[in-house]
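J.:
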Amino acid sequence: MASSVQSTSDGHNSSFSSSTRSHTTDTTSATQSTFVNINDEQGTTMENKGNNNIKKAIELYQAALKGDWEAAKGIFKEDSSWITKKITIKKNTALHVAAAAKRIGFVEELVKLYCSNNHDLFIKNGEGHTALFYAAISGVVRIAEAIVKNDDQRPGNSDVNYAHLIEYYVPLLTAVIYKRKEMASYLFSLSKEVLQPEQQFQLLLATIDSDYYDIALDILKVKSGLAKWREKENGDTALHLLARKPYAIGSSNQLSCLKKYISRFNRVYKTALMQTLAHQVVECLCKFVVENLPEPELRKFITTPSSLLHDAARVGNVEFLIILIRSYPDFIWIADKDSKTIFHVAVEYRQENVFSLIHEIGGVKDFIVNGFNQKNDCNILHLVGMLASPYRLSKVSGTALQMQYEFRWFKEVEEMVTPSHCKMKIKRDQPKDQKPGDQPRRKDDVIDGRTTREPVRKDDDIYGLTPRELFSKKHEDLREKGEEWIRKTANSCMLVATLITTMVFAASFTVRGGNGDYEDVISILQTNVAFKVFIVFDVAALVMSTTSALIFLSILTSRYAEKDFFICLPIKLFFGLVTLFLCIACMAVAFSATFFIAYDKTKMTIPWIIAAVIILPPICFVGFHLELARDILHLSCFRFSPRKHKKRLF
1 MASSVQSTSD GHNSSFSSST RSHTTDTTSA TQSTFVNIND EQGTTMENKG NNNIKKAIEL
61 YQAALKGDWE AAKGIFKEDS SWITKKITIK KNTALHVAAA AKRIGFVEEL VKLYCSNNHD
121 LFIKNGEGHT ALFYAAISGV VRIAEAIVKN DDQRPGNSDV NYAHLIEYYV PLLTAVIYKR
181 KEMASYLFSL SKEVLQPEQQ FQLLLATIDS DYYDIALDIL KVKSGLAKWR EKENGDTALH
241 LLARKPYAIG SSNQLSCLKK YISRFNRVYK TALMQTLAHQ VVECLCKFVV ENLPEPELRK
301 FITTPSSLLH DAARVGNVEF LIILIRSYPD FIWIADKDSK TIFHVAVEYR QENVFSLIHE
361 IGGVKDFIVN GFNQKNDCNI LHLVGMLASP YRLSKVSGTA LQMQYEFRWF KEVEEMVTPS
421 HCKMKIKRDQ PKDQKPGDQP RRKDDVIDGR TTREPVRKDD DIYGLTPREL FSKKHEDLRE
481 KGEEWIRKTA NSCMLVATLI TTMVFAASFT VRGGNGDYED VISILQTNVA FKVFIVFDVA
541 ALVMSTTSAL IFLSILTSRY AEKDFFICLP IKLFFGLVTL FLCIACMAVA FSATFFIAYD
601 KTKMTIPWII AAVIILPPIC FVGFHLELAR DILHLSCFRF SPRKHKKRLF
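Letter by letter, the sequence shown follows residues 1 to 650 of full-length UniProt numbering.
Here you go:
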């Protein structure tokens, strides 16, 4: 079962990915197999041996599946061979079935029979799996304990058989793959001292993939050299796997006292603990490779088969990058084949947390931003001029705010580059058979009697454009969609504001006393507090609704230029929503006050019920538009990240 593993020093190989996939497929099919078509030990159909055997096999299978020990016990008393007889098409025994069905009591009693009759507890079914394997999938530790404690050759015993250890390693790996945490911890505690290096590396990758960093850390404490081992299939190391897990790594290698004593009482504690342990795992791996590999080998390690720095920047794994750059500051200079550093990749994939680290490297940022250009003069400002991926844009509410998000990115990077970079145009790559100084070849040029027409590529429209021109070209569709979105939003909101204006204006003349004599109105105003409340909030609702309608009208009459999406339109939309909410709230209060005016003080139950119900519209308005308002404030009033002031790198 042990797979070969490749190390940069001793040349071993590993096939973790392929073996894990095939192993997972086998375990899935085993757990999902239907116990039908009853077979005997030799795999022949039991129908040939009589209906009685078929009946017994079905009864035993049903008893094991339901945990009915008394029924199974009666079968075993009649014929003890049924204890180990294989009763399904997959050649599972009753112990396999009960372990997979999580029947704890049944397994414990059956294990006693196995021991009293000196039967092997590790009988394999037709797929080569033992009952402990199915116990690992079930995740019930008591089932595994019942099997393990009766195994004389278990890890830790003086007469341990190392060839037998594979029967523990496979269930351990299976428990990690299926994310059975308690089972994985139990089986690892049994076998961690006797695992072979190949098994340790395979298990290390599986624990990282399943976010079991406590086990991963224990493995590295036993053999830290696994940090430089690689998978045979794709050449990835443990650090490469961690680089692609942006939410797994915490910002500290120790839990704070607050998290220890507050988070312990909720589910957040386990997540915080694993993030802290993941931080320690990255530090342990990084420390080993930096201290034990010379600079050329270290650079090759980091960039092969892909640059783990760029992988981390691509997914926004900022904590991972902080650990690596702290351990070896020159990592910030590493560029890929397209002359992109981690900050170029962060711009390209709109990872603001990663890009904000550029503010912590001092004057070096000027060299990185302005000194790395591709062969065709495509610079970092051209990268931000391209449209972001739909996934990144979906993080922002509404196409108008998505346009603002893109424009803020462009303005942020534009402030860092030199004026010459703002004017730089992308050059077309020169064909191999074209000499320097020749005129640019047209699509239909003929050379040696053949047409050199090339297929039009999707990026052919970017050549000869400055960053600003590229931004306008690539964002034209988004700008039009943003205009349409904000127009519809403003239209709908202005309609609501206009209706409220009409209602509150009319209400001021129709409330009780409003159409009466002047002396009656004065009398009510002096003696009734509810009337005073009505007047104040009715006027406030009128003012707010009118203001809201005017704001949305100004949005409808805007030019919708690119710069309007930067601050003007979003801020107008925000204040329009705020004033609309205030006018709805004031209208609700004024409406409630009219019932307090109409009813006597001895009959106040109905007014209070109405006042309690009438708060629902303002609450619903806030709930429906809170995320939109939050996005507007964040994009309009704040920079990309407060990390700019935290100084976490050095």
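Positions of the beta carbon are idealized from the N, C-alpha and C atoms, including for glycine. Predicted, not measured: the structure shown is a model, and the values here were computed from it.
1. Nearest to E198 by CA position, among K223, L387, E182 and K481, is which residue?
2. Taking C-beta to C-beta, are T243 and D338 nearer than 7 Å?
3. Could you check the C-alpha separation between L635 and I571 for me, to the nearest Å?
4. Near Q404, which residues of its chain fall below 7 Å by C-beta distance, leaving aside the five closest residues on each side in sequence?
5. Kindly confirm or deny that the segment 471-482 and the segment 421-429 touch, where touching means at least three C-beta pairs closer than 8 Å.
6. Restricting to Cα atoms, I'd like to know which of F133, G128 and W82 is closest to A99.
7. When the distance is taken between beta carbons, is S251 closer than 7 Å to E319?
8. Can you tell me which of the three DSSP states residue 691 falls into?
9. Can you tell me whether T418 is helix, strand or coil according to DSSP?
10. With respect to 6 Å, is the separation between the Cβ of G128 and the closest non-hydrogen atom of the ligand GTP below this value?
11. Using only alpha-carbon positions, find the residue among A101, Y463 and K55 that is nearest to D68.
12. Could you pull out every residue in the same chain whose Cβ sits closer than 6 Å to the Cβ of D631, ignoring the five residues on either side in sequence?
13. Below 7 Å CB to CB, which residues in the same chain sit around L381 once its five sequence neighbours on both sides are set aside?
14. Can A549 and M494 be called in contact, C-beta distance under 7 Å?
15. Just to confirm the assignment: which complete alpha helix (DSSP H) runs, minimum length 4, are found wholly within the segment 266-346?
16. Excluding the five sequence neighbours on either side, which residues of its own chain have a C-beta within less than 6 Å of the C-beta of V36, listed in chain order?
17. Excluding the 5 residues flanking R442 on each side, which residues of the same chain have their C-beta closer than 7 Å to its C-beta?
18. In terms of alpha-carbon separation, which member of G316, H359, Q374 and K228 lies closest to T304?
19. Classify E348 as buried or exposed, calling it buried when 16 or more other Cβ atoms lie within 10 Å of its own Cβ.
20. Measure the alpha-carbon distance for A206 versus G316 and round it to whole angstroms.
21. Candidates N528, V539 and T579: which alpha carbon is nearest A598's?
22. Please report the distance separating the alpha-carbon of Q42 from that of A238.
23. Could you tell me the alpha carbon to alpha carbon distance between I215 and T579, rounded to whole angstroms?
24. Taking only the alpha-carbon atoms, compute the straight-line gap between I342 and A335 and give it to the nearest angstrom.
25. Have a look at T174 and I208 and give me their C-alpha separation to the nearest angstrom.
26. For the pair the segment 532-551 and the segment 501-508, tell me if three or more CB-CB distances fall below 8 Å.
27. What's the gap between the Cα of I177 and the Cα of L203?
28. Within 10 angstroms of its Cβ, does A63 collect 16 or more other Cβ (buried), or is it exposed?
29. T501: buried (16+ other C-beta within 10 angstroms of its C-beta) or exposed?
30. As a quick exercise: from K340, S116 and R299, pick the residue whose alpha carbon is nearest that of N150.
31. Can you give the Cα-Cα distance for R457 and I426, rounded to whole angstroms?
32. Check the C-beta distance from A131 over to H164 and give it rounded, since I have them as a contact under 8 Å.
33. Please work out which residues of its chain come closer than 6 Å, Cβ to Cβ, to L633, disregarding the five sequence neighbours upstream and downstream, and give them in chain order.
34. Buried or exposed: which applies to P155, given that a residue is buried once 16 or more other Cβ atoms fall within 10 Å of its Cβ?
35. If you run the structure through DSSP and keep just helix, strand and coil, what is G482?
36. Could you pull out every residue in the same chain whose Cβ sits closer than 7 Å to the Cβ of F581, ignoring the five residues on either side in sequence?
T.: The relevant details are as follows:
1. For the set K223, L387, E182 and K481, the Cα lying nearest the Cα of E198 is the one of K223.
2. The residue you asked about is not Thr; residue 243 is Ala in the sequence shown. With contacts defined by Cβ atoms closer than 7 Å, A243 and D338 do not form a contacting pair.
3. For L635 and I571, the distance between alpha carbons rounds to 10 Å.
4. F565, F566, P570 and L635, listed in sequence order.
5. No, the segment 471-482 is not in contact with the segment 421-429.
6. Nearest C-alpha to A99: F133.
7. Between E319 and S251, the C-beta spacing is below 7 Å.
8. The requested residue 691 does not occur in the structure, where the chain is confined to residues 1 to 650.
9. It is coil, neither helix nor strand.
10. The ligand GTP is absent from the structure shown, which contains no ligands of any kind.
11. If we check each option's Cα against that of D68, A101 comes out closest.
12. Hits under 6 Å: V396, S397 and L401.
13. Excluding positions up to five away in sequence, the list reads V413, E414, V417, H421, C422 and P467.
14. Yes, Cβ-Cβ distance for A549 and M494 is below 7 Å.
15. Entirely contained in the segment 266-346, the alpha helix (DSSP H) runs reaching 4 residues are, in chain order, 268-292, 295-303, 308-315 and 318-327.
16. Because V36 carries a pLDDT of 42, less than 50, the predicted location of this residue cannot be relied on, and the following value inherits that uncertainty. No residues qualify anywhere along the chain.
17. Because R442 carries a pLDDT of 47, less than 50, the predicted location of this residue cannot be relied on, and the following value inherits that uncertainty. Here the set comprises nothing.
18. For T304, the closest of G316, H359, Q374 and K228 by C-alpha to C-alpha distance is K228.
19. If you draw a 10 Å sphere on the C-beta of E348, you find 16 or more other C-beta atoms in it, and that means buried.
20. Approximately 22 Å, taken between the alpha carbons.
21. Ranking N528, V539 and T579 by Cα distance to A598 puts N528 first.
22. Residue placement at Q42 cannot be trusted, given a pLDDT of 42 that sits under 50; what the coordinates show is reported in the next sentence. Distance between the alpha carbons of Q42 and A238: 44 Å.
23. Roughly 55 Å between the two C-alpha positions.
24. Straight-line Cα distance between these residues: approximately 7 Å.
25. Whole-angstrom Cα-Cα distance: 14 Å.
26. With a cut-off of 8 Å on Cβ pairs, the segment 532-551 is in contact with the segment 501-508, counting three or more such pairs.
27. Near 9 Å, if we compare the C-alpha coordinates of L203 and I177.
28. Classification of A63: buried, given that the 10 Å Cβ count is 16 or more.
29. Residue burial annotation: T501 is buried, with at least 16 other C-beta atoms found within 10 angstroms of its C-beta.
30. Checking every option, the nearest Cα to that of N150 belongs to S116.
31. Here the model assigns R457 a pLDDT of 46, short of 50, so the residue's position is not dependable, and the following value carries that caveat. Taking the straight line joining both Cα atoms gives about 15 Å.
32. Their Cβ separation, rounded to whole angstroms, is 15 Å, which puts A131 and H164 out of contact at 8 Å.
33. Same-chain partners within the cutoff: there are none.
34. Taking all protein chains in view, the Cβ of P155 is crowded by 16 or more other Cβ atoms within 10 Å, so the residue is classified as buried.
35. Helix, per DSSP.
36. Cβ neighbours of F581 beyond the five flanking positions: P618, F621 and V622.
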